[in-house]
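J.: Under the working numbering, the first residue of the sequence shown is numbered 2, with each subsequent residue one higher. Ideal placement from N, C-alpha and C gives every residue a C-beta, glycine not left out.
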Amino acid sequence: DADGAQDASPRSSVVKVMPAFPGYLLSEGLASEYDLRIRATTACVAYRFKRIDMETALSSVTAAQKWLPIFRMVESESSAELQKRAEDALGVAQVMRRHSNDVEIHKWKDRRRQA
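#1: Taking Cβ positions, are Leu37 and Ser79 nearer each other than 9 Å?
#2: Going along the chain, which residues of its own chain have a beta-carbon closer than 6 Å to the beta-carbon of Ser60, five neighbours each way excluded?
#3: Output the residue ranges of the alpha helix (DSSP H) runs that lie fully inside the stretch 30-103 and measure 4 residues or longer, sorted by chain position.
#4: I want to know whether the stretch 20-34 touches the stretch 81-98 - three or more CB-CB distances under 8 Å.
#5: DSSP on Lys108, reduced to helix/strand/coil?
#6: Hey, would you say Ala58 sits closer than 9 Å to Ile39, going by beta carbons?
#7: Kindly give me the distance between the Cβ atoms of Val93 and Val16, rounded to whole angstroms, as I take these residues to be in contact under 8 Å.
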C-alpha cells in the first residue's frame, strides 16, 4: 500500500507501474531488479520460459529463425518501457514516503498561511 509509511523505503511502497496487455513480454530479471510484483486483475494465462531454451529452439528450426530478431526487438522494447516505468514508480514512491521532518514542515506551512 502506498500510504507513505515513515519506515518504508521507496522500494517497499506499492505503486501501479503499468498494465500488461495480451502478448506482453515481461523480463523477469528486470522485474526482479526493481522488485516488481505482477497482479492479474482479470483471468489470464502467463508462460514462463528461459531465454536460452527459446533461442535454442528457434536456432534449431530453420523456418523459425526469422522470429529470433523479432523476439529480440520486442524484448528490447518491452524491457526499455518497463525500466522507464519502474524508475518512474520508484520516484513516485519516494515522493509519497514521509520525510522525518514532515511534521515540522507542515507546522511551518501553517504558520506562513496564518501570517
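T.: Short version:
#1: no
#2: none
#3: 52-61 and 68-97
#4: yes
#5: helix
#6: no
#7: 5 Å
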